[in-house]
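A short write-up of the structure that comes next.
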Amino acid sequence: MSIPEPTAALEPTDPVEALLDRDHAHTAELLDRADADAAAAEAESGLRIRLIDDIDEHAAVRALIEEVWRTGERNPPVTADMLSAIRTAGGYVSGAFDAQGLAAACFGFFGAPAERRLHSHITGALPRTRGTGVGRALKLHQRAWALRQGADTITWTFDPLIRRNAHFNLGKLGADIGEYLPDLYGTMDDAINRDDITDRMLARWRLTSPEVAAAAAGSPVVRTIADVPDAEVLLTASADGRPLVRDTDAATVLVAVPADIESMREGAAATSAAWRLAIRHTLGALLADGATVRGFDRAGWYIVDRSAVDRTEEP
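So this is what it looks like as structure tokens:
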């Protein structure tokens with residue numbers, strides 16, 4: 001009986017190079033600029049940001065996220081062992097530290113290799129960091145890190161009804177919108193999302209785009225309704241605060257969101273639920289049909305271009 005020849009040993013590969021081919025390398029200038037932008041944002045925040053690899057610090061991240069989302073220990077959004085697994089697999093876990101210790105954290109994992117995409121699942125910060133800019137600093141740290149792994153894009157989800165998140169993602173960071181995801185997480189048992197439908201929008205951060213580079217350098221391209229004088233209102237608030245859909249044939253439409261949906265959930269649950277469905281049936285439907293969100297006016301308007309949408313009615 002013949003003995004088969006031994007299989008040639010595979011050359012050891014760097015785990016990042018195994019994920020991303022060698023020909024896909026960002027320029028040194030881009031990487032250095034991203035590092036500098038991240039360092040500037042970190043310095044401005046007054047916090048120290050770094051990757052977290054230690055299981056004890058992963059436990060601290062879990063505790064912080066429990067506190068921010070008010071879930072309690074029995075229903076944590078993430079566990080320490082899962083964070084350790086994410087880092088071991090080459091994912092991203094970071095923390096921002098002040099004199100009192102861990103004050104904010106962020107983690108994410110890679111999508112399919114061909115996508116060259118990091119998905120950022122959760123970013124949370126304690127109330128004491130308000131006004132420091134730590135959210136932007138964490139995202140720029142994440143961007144610089146992801147670029148050095150060869151990634152092109154970072155995605156994350158956010159509630160389309162929360163104004164400050166829309167302004168932060170589209171205005172301050174220069175992200176665009178990938179898609180509308182109805183009831184993405186199902187029923188959630190935390191104090192923020194309890195009893196609400198978990199519709200989300202997918203933010204898509206194209207790390208090398210001119211818009212993102214400008215935002216990272218502190219000069220974001222901010223779009224307002226003044227930039228679209230021909231736009232017409234599709235969704236607005238009625239006199240009693242409930243959503244009101246208007247008929248319009250305009251190519252660019254404005255979709256409103258309430259000033260404070262979180263307070264509305266607690267004080268006017270029926271009105272809040274009506275807004276959730278109104279956003280789904282207007283903004284969600286537009287995105288599903290191929291419309292594009294061009295920006296978010298801080299006064300509470302999504303600017304939506306539907307010129308590419310076929311609005312011909314069937315006979």
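Numbered per the working numbering, the sequence shown finishes at 315, counting up by one with no gaps.
The beta-carbon is built from N, C-alpha and C at its ideal position, and this holds for glycine as well.
Asked, Found
"Quickly, what does DSSP pair Val-93 with across the bridge? List them, please.", "Phe-107"
"Just how far apart, CA to CA, sit Leu-161 and Cys-106?", "22 Å"
"Which residues in the same chain have their Cβ closer than 6 Å to the Cβ of His-58, if we skip the five residues on either side of it in sequence?", "Ala-80, Leu-83, Ser-84"
"In or out: Ala-175 buried (at least 16 other Cβ within 10 Å) or exposed?", "buried"
"Do you know how far the Cα of Thr-271 is from the Cα of Gly-133?", "32 Å"
"Val-304 lies in the alpha helix (DSSP H); which residues open and close that run?", "Careful: Val-304 lies outside any alpha helix (DSSP H), inside the beta strand (DSSP E) at 301 to 305."
"Contact check, Leu-321 vs Ala-99 under 8 Å by CB: the rounded distance?", "There is simply no residue 321 to check, as the chain begins at 1 and stops at 315 in what is shown."
"What residues match up with Ile-154 in a beta bridge as DSSP calls it?", "Leu-118, Trp-205"
"Among all the DSSP beta bridges, which residues are the ones paired with Pro-243?", "Ala-237"
"Taking just the CA atoms, how far does Ala-96 sit from Pro-182?", "32 Å"
"With DSSP as the reference, label Ala-36 as helix, strand or coil.", "helix"
"Express the C-alpha separation of Leu-235 and Asn-165 in angstroms, rounding to a whole number.", "19 Å"
"Between the alpha carbons of Trp-275 and Arg-163, how many angstroms are there, rounded?", "13 Å"
"Buried or exposed: which applies to Tyr-302, given that a residue is buried once 16 or more other Cβ atoms fall within 10 Å of its Cβ?", "buried"
"For Leu-102, name the three-state secondary structure that DSSP assigns.", "strand"
"Excluding the five sequence neighbours on either side, which residues of its own chain have a C-beta within less than 6 Å of the C-beta of Thr-292, listed in chain order?", "Asp-305"
"For Asp-152 and His-141, what's the separation of their Cα atoms in angstroms?", "15 Å"
"Tell me the start and end of each unbroken alpha helix (DSSP H) in the stretch 25 to 71 that is at least 4 residues and wholly inside, in chain order.", "28 to 45, 55 to 69"
"Quick check on Ser-219: buried or exposed, where buried means 16 or more other Cβ atoms within 10 Å of its Cβ?", "exposed"
"Just how far apart, CA to CA, sit Ala-288 and Val-257?", "19 Å"
"Since His-119 and Thr-88 are thought to touch, with beta carbons under 8 Å apart, how far apart are those beta carbons, to the nearest angstrom?", "That belief does not hold up - the Cβ atoms of His-119 and Thr-88 are roughly 17 Å apart, past 8 Å."
"Determine the contact status of Asp-37 and Ala-217, defining contact as a CB-CB distance below 8 Å.", "yes"
"According to DSSP, which residues form a beta bridge with Tyr-180?", "Met-201"
"Would you tell me roughly how many angstroms separate the C-alpha atoms of Ile-122 and Gly-108, rounded to the nearest one?", "7 Å"
"What separation, rounded to the nearest whole angstrom, lies between the Cα atoms of Asn-169 and Ile-261?", "17 Å"
"Could you check which residue in Thr-282, Ser-45, Gly-124 has the C-alpha nearest to that of Val-78?", "Gly-124"
"With DSSP collapsed to three states, give me the class of Ala-278.", "helix"
"Give me, in chain order, the residues of the same chain whose beta-carbon lies closer than 8 Å to that of Gly-186; leave out the 5 immediate sequence neighbours on both sides.", "Thr-198"
"If we count the other Cβ atoms within 10 Å of its Cβ and call it buried at 16 or more, is Val-93 buried or exposed?", "buried"
"What does DSSP give as the partner residues of Leu-254 in its beta bridges?", "Val-233, Ile-303"
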